[in-house]
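Everything on this sheet refers to the single structure shown next.
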Amino acid sequence: MFAMDDLDRRIIASLVQDGRTPYSRIAEENGVATTTVHQRVRRLTERGIITGTRVVVDWEAVGLPVTALVSVEAPGERPLADVADEISAIPFVQNCYAVTGEFDLLLTVRARSSDHLGDLLEDVRGIAPGRSRTLVVLATYFEGRTPNLPDRD
Numbered sequence: 007m008f009a010m011d012d013l014d015r016r017i018i019a020s021l022v023q024d025g026r027t028p029y030s031r032i033a034e035e036n037g038v039a040t041t042t043v044h045q046r047v048r049r050l051t052e053r054g055i056i057t058g059t060r061v062v063v064d065w066e067a068v069g070l071p072v073t074a075l076v077s078v079e080a081p082g083e084r085p086l087a088d089v090a091d092e093i094s095a096i097p098f099v100q101n102c103y104a105v106t107g108e109f110d111l112l113l114t115v116r117a118r119s120s121d122h123l124g125d126l127l128e129d130v131r132g133i134a135p136g137r138s139r140t141l142v143v144l145a146t147y148f149e150g151r152t153p154n155l156p157d158r159d
């Protein structure tokens, strides 16, 4: 496993806050050369620690104000990866996690309306006709937080 130092953690924290942060600003805030930050980011990317940058979307502003968490029981004879692959064809399913407990998969679904959500749930049931449970999000207090990175020393 790749050992990160405090500078690596601070660089990652800056980029998580805003992936467009100029390397020169990160360098200045950390008292190092811009080339040092560039080399560190390249190394973190090559090692698979940084896997890309993200855009944070205001889902209501783009017309998808309904968020639901959908727990799904997958058919027992099919591998979960195959079920998840089929579900990925539904464009309004944002995330799909294999989970422990009462259900097999946990989905994050974004919808235009409650009627649209109902249609999407029918699409999911067509792929995984087992039991499911849907929780509609009433308010989002925070989302997409990144926890403190642990020391690996």
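Quick note on numbering: the sequence shown equals residues 7 to 159 in our numbering. Cβ atoms here follow ideal geometry from the backbone N, Cα and C, with glycine treated the same way. The structure presented is a predicted model; accordingly, all values stated were derived computationally and were not measured.
Could you tell me whether any non-hydrogen atom of the ligand GTP is closer than 6 Å to the CB of residue i?
i: VAL76; result: As presented, the structure is devoid of all ligands, the ligand GTP included, so that no description of it is given.
Any idea if residue i is buried or exposed, counting beta-carbon neighbours within 10 angstroms, 16 or more meaning buried?
i: VAL105; result: exposed
i: LEU141; result: exposed
i: ASP14; result: buried
i: TYR103; result: exposed
i: VAL43; result: buried
i: TYR147; result: exposed
i: LEU113; result: buried
i: LEU126; result: buried
List the DSSP bridge partners of residue i.
i: ALA74; result: VAL115 and VAL142
i: VAL99; result: VAL115
How about residue i: is its C-beta nearer than 7 Å to some C-beta of chain D?
i: ARG15; result: The structure shown contains no chain D, having only a single protein chain.
Is the CB-CB distance between residue i and residue j below 7 Å?
i: ALA80; j: ASP110; result: yes
i: PHE5; j: VAL115; result: No answer is possible for residue 5: the residues shown for the chain start at 7 and end at 159.
i: ALA117; j: VAL63; result: no
i: ALA33; j: THR27; result: no
i: VAL61; j: ALA134; result: no
i: ALA67; j: LEU123; result: no
i: VAL78; j: SER138; result: yes
What did DSSP end up calling residue i once you bin it into helix, strand or coil?
i: ALA104; result: strand
i: GLN124; result: At residue 124 the sequence reads Gly, which differs from the Gln that was named. Three-state result, GLY124: helix.
i: ALA134; result: coil
i: GLU52; result: helix
i: ALA9; result: coil
i: THR40; result: helix
i: VAL89; result: helix
i: ALA80; result: coil
i: VAL61; result: coil
i: LEU155; result: coil
i: ARG26; result: coil
Exercise. Hey, is the segment 14 to 23 in contact with the segment 145 to 155, meaning 3+ C-beta pairs nearer than 8 Å?
Worked result: yes
Problem set entry | Inter-stretch contact at 8 Å, needing at least 3 Cβ pairs: the segment 16 to 33 / the segment 47 to 56 | Yes, since at least three Cβ pairs between the segment 16 to 33 and the segment 47 to 56 fall closer than 8 Å, the two stretches touch.
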